[in-house]
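Under our numbering, the residue at position 93 of the sequence shown is numbered 271, and the numbers go up by one with no gaps. All residues carry an ideal CB built from backbone N, CA and C; glycine is no exception.
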Amino acid sequence: MWGKKSPAAPTRGLSDEEVGLQPKQAILKPLTPEALYAMASPAVVRLTALNYKSEEVGHGTGFFVRANGWLVTNYHVIADAKYVSLSTVTGTSARADLVLAWDEKADLAVLVVEGGTTTALKLFGETRIFPCLKLAPAAHMPAVGSRVWAIGNPQGLANSLSEGIVSGLRSDEGVTQVQCTAAVSPGSSGGPLLDCYGRVLGVMASMQTDAERLSQNLNFAVSSIAVRSLLARAATATAQPVGNLKRTFTAEETIAKTRSRLEKDPGNAWEWCFLGDWLNRVHRWTEARDTYQKALQLKPNNAEVYAIALFGLALAQWGLEDYAGVNESLKRAEAVEPDSAKYKVDLGYFYERTNRPKLAISVLQEAIRLAPRSTEARSGLIFVLSNMGKYADALLQCDELERLDPDQGRSERKSVLELMKLNEK
């Protein structure tokens, strides 16, 4: 897959995996985009971060770097998680409950998927190992102008491939970053940035938008230099629960830093949405409402930004008990992205909480039609049906959810059965 290693190449006591990270440039041949995707895609998975209530608190992408189940992603994808669910491009799923090492500054983490051969068989069939990607050589830095490819899960669209070029090499607080034009969207964080040989140049981490030219995104990947350093730490680390991760910055610090950035770039709709998100988290509803309204006043031509601003506005209005405003904002978000299941799920929960269960069921069923593999939509429908006392229908949906995510399906079934017992008394 990666070219044969020269029999004369000295190993200097390195492990097989480390030797694999250092193939001779001369024996490598550039891959076509089709071949690169076919080779790399099996190693890339969608990650869903869940809290102790099995509620989604984050999502992104990860990729295997060791055949024993080591998985690299962004720190921010899993920072608030109790555990992490992963799913492959074929739809099979497993859990990653343990983290080996993380670096908040570099925004990187190394998870480990337990189960060895058993889990590998479940996820990838008869291969019995986890397909993994190789890092670019230690001293290698991509040339500006060289072609690169990113694989991620933007908006949950499994293993999407995007192409671009290296725009520059940057340093942010001592962390080397690769600036590129390969597209990044929410859900792509943690995916690999690959060179033409299929080697990992970095981990896609962030996107900035030029407020005056919204169609031109600035995308950044944490260099494989930082990944290599973290893997070295992971090799001697003791695995611990993902839930042990703690952010070392406070909400107030984040809000202050974001306001500082907005003073320099007040036309950045993404930053206004980010600020609004943190204000919502600390229940500063009025400030959050005003912040999202500023984002909307910029009239972003990016539908995703527009919908995110509307959804954040709805959360702030909910906190202010402005239910008419919530209804209007969610309907507008749904209209901006009519084929997005996410906003229909949010609208379904809103209908349920405002005593309109039939509307909730209708919109959640539509979300499932648009995204049959959405565990969030299926879980929402179970919640509404069980609250209506339609336990048989709710349990049927638990069956469907269990096929998508066994752990979440069993958890939902347990909740439905407990509710049934309470109502029988």
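Distances from the CA of T414 to each of F242, D275, H254, W280 were compared; the closest alpha carbon is that of W280. A buried status is given to E449, since no fewer than 16 other beta-carbon atoms sit within 10 Å of its beta-carbon. About 26 angstroms separates the Cβ atoms of R437 and L423, ruling out a contact at the 8 angstroms cut-off.
The residue from A328, M217, A549, L225 with its alpha-carbon nearest to that of V291 is L225.
According to DSSP, residue pairing for R325 in a beta bridge involves I343. With respect to G346, Q357 sits close: the two C-beta atoms are nearer than 8 angstroms. Three or more beta-carbon pairs separated by less than 8 angstroms link the stretch 255-270 to the stretch 223-243, which places the two stretches in contact. Exclusion of the five residues before and after L488 leaves S507, R510, A511 as the residues of its chain whose Cβ lies within less than 6 angstroms of its Cβ. Between D577 and the set E212, M566, N565, L559, the nearest pair of CA atoms involves L559. DSSP, read as helix, strand or coil, puts E431 in helix. Short of 7 angstroms from the beta carbon of Y253, and not among the five residues preceding or following it, lie these beta carbons of its own chain, in chain order: W280, D281, E282, D285, L286, A287. In the DSSP assignment, M382 is bridged to A399. Each of Q586, A245, V400 was checked against the Cα of Q355, and the nearest Cα belongs to V400. H254 has no beta-bridge partner at all, per DSSP. Unbroken beta strand (DSSP E) stretches of 3 residues or longer found wholly inside the stretch 478-502: none. Taking 8 angstroms as the cut-off, the beta carbon of P364 is found no closer than this to the beta carbon of V381. Under the 10 Å beta carbon count, H237 is surrounded by 16 or more other beta carbons and is classified as buried. By DSSP's assignment, S338 forms a beta bridge with G330. Straight through space, the alpha carbons of G240 and D275 are spaced by roughly 14 angstroms. By the 16-neighbour rule on beta-carbons within 10 angstroms, D524 is buried. Between A314 and S407, the gap from beta carbon to beta carbon reaches 8 angstroms or more.
In the three-state scheme derived from DSSP, where H, G and I count as helix and E and B as strand, C358 is classed as strand. A Cβ-Cβ contact shorter than 8 angstroms links E341 with P211.
Residue pairing by DSSP places P220 opposite no residue, since no beta bridge is assigned to it. According to the DSSP secondary-structure assignment, L228 is paired through a beta bridge with E234, Y261. Nearest to V594 by C-alpha distance, out of E515, S557, A434, is S557.
If you draw a 10 Å sphere on the C-beta of E554, you find 16 or more other C-beta atoms in it, and that means buried.
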